[in-house]
Amino acid sequence: MSFAATVLRVAIASPSDIPDARDAVEKALHGWNDANAVGKQVMLLPWRWETSSVPLLGGHPQAQINEQGVDHADIVIALFGSRLGSPTPAAVSGTVEEIERSVASGKHVHLYFSTAPLPNDVDTAQLDGLRQFRQEVSQRGLLGEFANAGQLEHEVWKAIEFDIAKMELGAPTLASSDRGVRFSAQPFSERELKEYDSKGRAKYTTRHWIEIVNVGDTDAEEVTFSAVGERSSMMLTGHEKPTTIHAGQKRKLVVFHHMGGGDPDIILIRWFENGEQKEQEFHVG
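Quick note on my numbering: the sequence shown kicks off at 2 and runs consecutively.
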């Protein structure tokens with residue numbers, strides 16, 4: 002079934018020495034789409050020069066990559082392994098040029114460095130250049146690291162969730178039949194890396210939340226949320242006081258479950274619409 006969604010382009014930038022890491026980022030983006038696209042009404046569109054660019058003569062290859070993909074991206078995921086990359090007319094490497102252009106234009110740029118063992122045939126000149134670049138760029142923001150593909154996928158998910166929250170996209174335009182206040186309630190869960198034990202094994206924790214979206218064309222006022230049922234094991238946090246949810250806006254309810262209970266997970270939303278009080282229940286279990 003079709004659904005309305007905001008499409009965000011995500012450019013994957015890196016030198017050529019870490020194709021597995023580039024694959025891991027693309028896998029993470031597709032995985033995020035599978036889990037969240039319908040509920041959050043957001044689709045992530047990966048852009049990689051080796052698969053998305055069109056061969057075209059005229060100008061430096063990096064200029065073509067910039068024009069076709071990087072400059073149109075909403076988010077940039079930049080990766081480095083043991084190489085800085087090949088120089089361009091405008092920067093010490095193509096990847097660095099993509100980073101600088103994206104930062105200058107106000108895009109969300111996330112930069113990660115591999116901590117995996119260096120290859121036996123490492124290019125020492127490239128490695129020295131990379132270390133110098135990392136030292137310089139570390140003064141301009143927070144940098145990320147990844148030891149393997151699994152950890153990188155996790156980091157990409159965190160970055161995407163951060164970006165979407167910052168962008169405050171709201172709901173995309175829907176059909177004209179969505180008159181008045183129309184709520185959707187979608188449960189989500191995400192496994193987060195908590196720590197590594199003494200043997201380097203990852204320990205995870207799972208967080209749960211419900212996203213409430215007003216997909217109608219009218220503001221909902223004095224909105225409250227509550228769990229239904231005396232034996233419900235679900236506790237809601239995040240919006241204890243009445244709030245206004247404008248058309249297209251969303252709210253996130255953090256969910257905790259305690260032992261016992263037995264009632265199904267149902268939330269009750271109450272609100273005022275044009276002065277009239279209304280309510281609706283949603284099964285979120």
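Ideal placement from N, C-alpha and C gives every residue a C-beta, glycine not left out.
query                                                                                                                       : result
DSSP-derived helix/strand/coil call for Leu-144                                                                             : coil
With 16 other Cβ atoms within 10 Å as the buried cut-off, status of Met-197                                                 : Note that residue 197 is Tyr in the sequence shown, not Met. So Tyr-197 ends up on the exposed side.
From Glu-154, Leu-9, Val-97 and Ser-83, residue whose alpha carbon lies closest to that of Leu-119                          : Ser-83
Cut-off 8 Å between Cβ atoms - residues of its own chain near Ser-178, not counting five sequence neighbours on either side : Here the model assigns Ser-178 a pLDDT of 48, short of 50, so the residue's position is not dependable, and the following value carries that caveat. None.
Segments of 4+ residues assigned as alpha helix (DSSP H) that fall wholly inside the region 169–250                         : none
CA-to-CA distance, Val-182 to Leu-175, given in whole angstroms                                                             : In this prediction, Leu-175 has a pLDDT of 47, which is less than 50 and means its spatial position is unreliable; what the coordinates show is noted afterwards. Approximately 13 Å between the Cα atoms of the pair.
Every unbroken alpha helix (DSSP H) inside the region 50–88 [4 residues or more]                                            : 50–53 and 62–69
Pair within 7 Å by beta-carbon distance, Lys-253 and Val-214                                                                : no
Alpha carbon of Ser-115 to alpha carbon of Arg-135, nearest angstrom                                                        : 12 Å
Pick from Ile-19, Ala-38, Val-256 and Arg-102 that is closest to His-73, judged by C-alpha positions                        : Arg-102
C-alpha gap between Glu-88 and Glu-169, whole angstroms                                                                     : First, the amino acid is wrong: residue 88 is Pro here, not Glu. Near 37 Å, if we compare the C-alpha coordinates of Glu-169 and Pro-88.
Buried versus exposed call for Gln-42 [16 or more other C-beta atoms within 10 Å across all chains shown]                   : buried
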